[in-house]
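Numbering (this note's numbering), first residue to last: 296 to 716.
We put the CB at the ideal spot given by N, CA and C, even for glycine.
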Ligand SMILES: *Cc1c(COP(=O)(O)O)cnc(C)c1O
């Protein structure tokens, strides 16, 4: 099946007389006839949903759909994108381990890595993703256990050279994990380029309507955990009376452990109702992504004509620094997010933001409605001008998330706001 068909049909096929639309199984638990069978469920010698922290039929249908969309072997929905990133790493890292991350990643992920995971004894090295492989290799340590990146980085809108990062990881016998939130599986499927684990904040384009926070982890099933020495996946799990994930679940060992151990203990689960809403979003994802890309390119081209704007970052523009990577990894479009820098720093950026009438000023991105965010006075407001510079964030940077309104109306709004500066 092609991606449009998968978005509608994967994960749920009604049997005779069952509901056509995916039902919401609004139940914490499920009833069984015998104690023995429930025991078998705990032993994984039988399989059924038994408690909604671990699995739920509505959630499972959407997990199967996302796994199919990304070309993976299995998926786990989580309560947020942050939960997905946390579980994806804690599933394979412990105190004393180290991993490498691209420096151009979502701010929340940066803090998770730089502050919270360090408190747990997990060390990270941030690398400039534009460096050649030989330079990146210098960040590898004897205890390096993973490499992490983001397909299209938030908020600076760089396209990652996925194959270079895959090579860095695999040359060193560790998995490559990638946050594919902005691209979605409609624009890029990182597993096709060798990525091992794909992460999403489903809060963004996948849901698309700004109604439900959520996350997902998708396992390619391609990484050989045993051959590469990830002991927790091939040695008995004493907290599961000796279960060996690679033996019991084969290629799906990683995602099975994430559910059986991480979700059991951390409990960052998605709800049936949340998964139902996410599924509605995914059904129309290909239509929406095509339109976001079309609208955003027109808006980016308009920004290029304006003297009030110093730089326009949008990978689909022919003179953009990311254009070659865009051609390779995002041939169907560069999503709806544009990074612009207004001349005159913070003062003019704020004037522009406050003059907008249609675009909403929200702490969100990848929404169906056009929205804008000014890092210097919002998400990064604690930083001084000096610190902003160090973080690579210009005081005039505005992240524009182009929505699905008529593009003439979107441009007219930006035009009047620019005229107001
Ligand atoms: C928003 C976002 C996240 C975090 O997701 P939440 O659902 O807000 O927890 C992670 N990565 C990227 C690229 C994001 O845009």
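query: Residue 330, enclosing alpha helix (DSSP H) - first and last residue; result: 330-337
query: Expected contact under 8 Å - CB spacing of residue 376 and residue 674 to nearest Å; result: Contact doesn't hold; Cβ gap of about 15 Å is too wide.
query: Every unbroken beta strand (DSSP E) within the segment 463-507, with a cutoff of 3 residues, ordered by chain; result: 471-474 and 492-496
query: As assigned by DSSP and simplified to three states, the class of residue 369; result: strand
query: Near ligand 1: residue 496 beta-carbon under 8 Å from a heavy atom; result: yes
query: C-alpha distance - residue 693 paired with residue 418, whole-angstrom precision; result: 31 Å
query: Residue 362 - DSSP class collapsed to helix/strand/coil; result: helix
query: Pick from 503, 707 and 488 that is closest to residue 476, judged by C-alpha positions; result: 503
query: Under the three-state DSSP convention, the category residue 597 falls into; result: helix
query: Contiguous beta strand (DSSP E) assignments of at least 3 residues, all confined to the segment 594-665; result: 604-608 and 632-637
query: Residue 704, DSSP secondary structure in three states; result: helix
query: Under the three-state DSSP convention, the category residue 315 falls into; result: coil
query: Separation of residue 565 from residue 654, as counted between CA atoms; result: 30 Å
query: Boundaries (first-last residue) of the alpha helix (DSSP H) holding residue 542; result: 540-544
query: Span of the alpha helix (DSSP H), counted from its first residue to its last, around residue 403; result: 402-406
query: For residue 421, the three-state DSSP class (helix, strand or coil); result: strand
query: Span separating the alpha-carbon of residue 600 from that of residue 614; result: 14 Å
query: Same chain only: Cβ atoms within 6 Å of residue 592, ignoring 5 sequence neighbours per side; result: 611
query: Through-space distance from residue 714 to residue 571, alpha-carbon basis; result: 43 Å
query: heavy atom of ligand 1 below 8 Å from residue 378 C-beta; result: yes
query: Cβ of residue 668 within 9 Å of any chain C Cβ; result: Absent from the structure is chain C; it holds one protein chain and no more.
query: Exposure label - residue 631; buried when at least 16 CB within 10 Å; result: buried
query: Whether residue 435 touches residue 395 by CB criterion (9 Å); result: yes
query: Proximal residues to residue 625 (C-beta, below 6 Å), its chain only, five neighbours per side dropped; result: 482 and 483
query: Same chain only: Cβ atoms within 6 Å of residue 500, ignoring 5 sequence neighbours per side; result: 479 and 661
query: Given residue 623 as reference, the closest of 585, 457 and 517 once Cα atoms are compared; result: 457
query: Coil, strand or helix - residue 441 by DSSP; result: strand
query: heavy atom of ligand 1 below 8 Å from residue 561 C-beta; result: no
query: heavy atom of ligand 1 below 8 Å from residue 400 C-beta; result: yes
query: Residue 508 to residue 368 span [Cα, whole Å]; result: 24 Å
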